[in-house]
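Using the UniProt record's numbering, you'd call the opening residue of the first sequence number 1 and step up by one each time. Just so you know, even glycine gets a beta-carbon here, dropped at the ideal spot from N, CA and C.
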Amino acid sequence: MGILLPILQFEDKIIETIEQNSVVVVIGETGSGKSTQLSQILHRNGYTKHGIVAVTQPRRVAAVSVARRVAQELGVQLGEEVGYAIRFEDRTSERTRIKYLTDGVLLRESLSNPELDQYSVVILDEAHERSLNTDILLGLMKRLVKIRQTNLKVLITSATLDGGKVSRFFSDCPVLTVPGKLFPVEIFYSSERPTSYVESSLKTALDIHIREPEGDVLIFMTGQDDIEKMISKLEEKVQSLAEGSCMDVVILPLHGSLPPEMQVRVFQPPPPNCRRFIVATNIAETSLTVDGVVYVIDSGFVKQRQYNPATGMYSLDIVQISRVQADQRAGRAGRTCPGKCYRLYPSSIYREEFPEVTIPEIQRSSLAGSVLYLKSLDVPDIDILSFDFLDPPSRESLEDALRQLYLIDAIDGNGSITRVGRAMAELPLEPSLSRTLLEANENGCLSQALTVVAMLSAETSLLPSRSKGSEKKRKHGSLDLPDGSGWGDHIQMLQIYEMWDRAGYDRRWCTDHDLQVRGMMFTKDVRKQLCQIMQKTAKGSLDVRSNNGRKDTQQEYRNLRRSLCVGYAGQLAERMVRHNGYRTLGFKAQLAQVHPLSVLKIDEDGLLPNYVVYHELIATSRPFLRNVCVVEMSWVMPILKKLENLDINKLSGGTSIPEATVDGEVTDLSKEAAVAKAPDDHESRIQAARDRFLARKPKK
DNA sequence: GAGCACTGC
């Protein structure tokens, strides 16, 4: 098209820098063309002659769309010289020289090929998003550039990442900055904190509509509820505006639980003479780019999931965004022409209260899976507690991961990976689920376990979005869905899938039962993939159609529940004596209730089962156990025994501790003190933000 | 009446 992307002017400089350095950081703002051009620059300059250029993306859609674009620009067939690899879909061939892939796929690849020697260059794109997988790759790449025999070049590219920090991480590697092609965005601040950000957004939106020239408005909110509230109020207000005084409007919600066909509505061109209001979660911050946006309204809040390693509980908190995030939101107004961003908070808040950057995912997640992954790489110089992370997770979080892994036999008492742990790491699942599969294989119910595990992986895309009142029906069985026979949600999932199986995987069956076709198809894909991996370790043959000629389902359910109990040994809860609340075992005890959507039933005395294992403990309005399965006392005992004998010092120290030099000890101690302090600050920041937020919510 | 932001193998 002849539009010169800014990055192309720097081609010589980029190549020169890469020639002389093994690691280079490239900072390129939106519109710089880094994602599509960097790989082509390397290709033009001979870097694909002796290896492939890999470019990682945090998201599947990005990997596919950028690969498609590059193939087009080079005039080649997608899948030939330019290809991509995402889960379930490998569109590469022997001829592929430029390969786009998700960061998760590259991690999987380095499991079977730790040196990644088919690649001459690895580009970690969008590193500023700090996805868990990218963070682990950063650590692995740092190691790999030093030890790999054949030459490896690593490029870390990002929009707004603190280049100096990454550069220091990679022994002061050079940082190149490429300008972007964003239009200027004028920022407006509120003079004070809003009492209700829904009301403030509403008012601001109407002001824009009345006073400003045409252009779409993107409004950032925290969740589905607020979005729906906002939309109904906005519709009401717009209708009451005098006819003919303003343009017509289209109001669109945009959030993750919206079915895809509703999501893509924002990509359809609006009718002429019509202003669109897009009311969105932070999905519109990075994942989806809406064209035509000229005005952005930023509440300054985001709903964020975080993990507390002390209790094993996730929480969904509404927290203040970071300055980087605020700037990213503002930038959404300047993609096609100069824009305006209305921040519903004073500039002093932006400067003084907002953290500089968002806390990286690695410091907000359970690390059992990542730690198992690193252990399974089996490189002698990797000691988990001193693994070189760009931002190290707290020691507490790493110790929690080790405890979890020990409880499910993935590591032994000395912290070394076991045979079971190795088999688990092969599976693209969280450790509790991979352990369940291996145990089920021993208990003769692998097929059923595969089904449950696949259903859990697809869970969020199974039910249609609420507001249609469908869960109610699901729970009360008016849709003739099975009820788990009193054993809980996992068994129900098994029963649902088996019904679908008996119905010949009919799409119509899904819609009739108010299940999303897409979600069920995804379950089927995941199950198939897991089946293939398990084939190596499986006893006997694996029938996908598992329920033919069924004899004793109760016995089968029992075997499955026993397997789940082994896999979820770290996610165990005991009912309170006097009521139906539960407390968790194995952590600092946490009180929680079974989630209202669970199918778990009370007995004739009005009581829930004594012991359950749960898939997830999450605090939303209150702490809930989501997806529970009834287990027996006799299966619980060995776990309690194991907990008693657990020695965290052996678990974390068991791996090769290098001879402690005085220097080493000093730095270790200071590091420990630093990380011990971090969670408190973090916690209190979240708490403070939550308090402020709640204080502002209108009373009902 | 109580409900999960987003992403990925």
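Using DSSP with H/G/I as helix, E/B as strand and the rest coil, what is H615? Here H615 sits in strand by DSSP.
So which of T157, Q40 and G75 has the shortest CA-CA distance to L8? Of the candidates T157, Q40 and G75, Q40 places its Cα closest to the Cα of L8.
Please name the residue or residues paired with K642 in a DSSP beta bridge. Paired residues: none, contrary to the question.
Simplified DSSP state of D162, which is helix, strand or coil: Correct three-state label for D162: coil.
Are E74 and G33 touching if we call contact CB-CB under 8 Å? The question names Glu, but residue 74 in the sequence shown is Leu. Their beta carbons are not under 8 Å apart, which means L74 does not touch G33 by this criterion.
Runs of alpha helix (DSSP H) wholly within the segment 346 to 398 (minimum 4 residues, chain order): Those alpha helix (DSSP H) runs which fall completely within the segment 346 to 398 and span 4+ residues are 347 to 352 and 368 to 377.
The beta strand (DSSP E) with T222 in it runs from where to where? Premise fails: T222 is in no beta strand (DSSP E) and is neither H nor E.
Measure how close the beta-carbons of S432 and Q571 come, nearest whole angstrom, since I'm counting them as under 8 Å. Confirmed, about 6 Å.
Whether or not the segment 502 to 509 and the segment 418 to 434 are in contact is what I'm after, with contact meaning three or more pairs of Cβ atoms, one per stretch, closer than 8 Å; do they touch? Contact between the segment 418 to 434 and the segment 502 to 509 is absent: fewer than three C-beta pairs spanning the two stretches fall below 8 Å.
Would you identify the three-state DSSP class for R60, choosing helix, strand or coil? In the structure shown, R60 sits in a helix (DSSP, three-state: H, G or I).
If distances are taken between C-alpha atoms only, which option among R323, S315 and D383 comes closest to S365? Answer by Cα proximity: S315.
Note down, in chain order, each residue of its chain lying with its Cβ closer than 6 Å to the Cβ of D226, except the 5 sequence neighbours on either side. Here D226 has V198 as same chain residues with Cβ atoms under 6 Å from its own Cβ, once five neighbours each way along the sequence are excluded.
Buried or exposed for C274, going by 16 or more other Cβ atoms inside 10 Å? C274 is exposed by the Cβ-count criterion.
What do you get for I123, buried or exposed, if any count of 16 or more other CB atoms within 10 angstroms of its CB means buried? I123 is buried by the Cβ-count criterion.
Host alpha helix (DSSP H) of I14 (start-end): If you look at I14, you'll find it in the alpha helix (DSSP H) that goes E11 to Q20.
Answer yes or no: do M521 and L446 have a C-beta to C-beta separation smaller than 8 Å? Not in contact: M521 and L446 (Cβ atoms no closer than 8 Å).
Could you check which residue in R44, Q77, I147 and T157 has the C-alpha nearest to that of V55? V55 has its Cα closest to that of T157, out of R44, Q77, I147 and T157.
Tell me the rounded alpha-carbon separation between Y568 and D103. Approximately 27 Å between the Cα atoms of the pair.
Assuming C510 is part of the beta strand (DSSP E), what are its boundary residues? According to the DSSP assignment, C510 belongs to no beta strand (DSSP E) but to the alpha helix (DSSP H) extending over R507 to D512.
With C-beta atoms as the reference, is L450 less than 8 Å away from C531? Contact: yes.
How would you call residue 703, buried or exposed, if buried means at least 16 neighbouring beta carbons within 10 angstroms? The displayed coordinates of the chain run from 1 to 700. Any statement about residue 703 would go beyond what the structure contains.
Own chain residues within Cβ distance below 7 Å of V675, not counting five before or after: Per-residue confidence for V675 stands at a pLDDT of 36, beneath the threshold of 50, marking its modelled position as unreliable; the derived number appears in the next sentence. Excluding positions up to five away in sequence, the list reads P392, S394 and R395.
Contact check, V154 vs S370, beta carbons under 8 Å: Contact flag unset, no.
Using DSSP with H/G/I as helix, E/B as strand and the rest coil, what is R578? In the structure shown, the three-state DSSP call for R578 is coil.
Report the rounded CA-to-CA distance for K13 versus L152, giving the unit in angstroms. Distance between the alpha carbons of K13 and L152 is about 19 Å.
Is the beta carbon of T523 sitting closer than 8 Å to the one on A458? Going by C-beta atoms, T523 is nearer than 8 Å to A458.
Looking only at its chain, what residues have a beta carbon closer than 6 Å to the beta carbon of E115, apart from the 5 residues adjacent to it on each side? Excluding residues up to 5 positions away in sequence, R148 lie with their Cβ nearer than 6 Å to the Cβ of E115 in the same chain.
Of all the options R329, L234, A310 and E356, which has the alpha carbon lying nearest to the alpha carbon of L367? Of R329, L234, A310 and E356, the residue nearest in Cα terms is A310.
When you compare each of R422, L402 and A423 to G413 by their alpha carbons, which one comes out closest? The shortest Cα separation from G413 among R422, L402 and A423 belongs to L402.
F301 in three-state terms, based on DSSP: DSSP places F301 in strand when its eight states are reduced to three.
When the distance is taken between beta carbons, is E356 closer than 8 Å to Q448? It is not a contact, given that the beta carbons lie outside the stated cut-off.
Could you spell out where the alpha helix (DSSP H) holding N441 opens and where it closes? Unbroken alpha helix (DSSP H) run through N441: P431 to E442.
Using 8 Å as the threshold, is the C-beta distance between F183 and I297 below it? The criterion of a C-beta distance shorter than 8 Å is not satisfied by F183 and I297.
Under the three-state reduction of DSSP, which class applies to C629: helix, strand or coil? Three-state result, C629: strand.
Span separating the alpha-carbon of S652 from that of G415: Straight-line Cα distance between these residues: approximately 6 Å.
Using C-beta distances below 6 Å, list every residue in its chain close to P194, excluding the 5 sequence neighbours before and after it, in chain order. In chain order, S200 and L344 place their CB closer than 6 Å to the CB of P194, counting only its own chain and leaving out the 5 sequence neighbours on each side.
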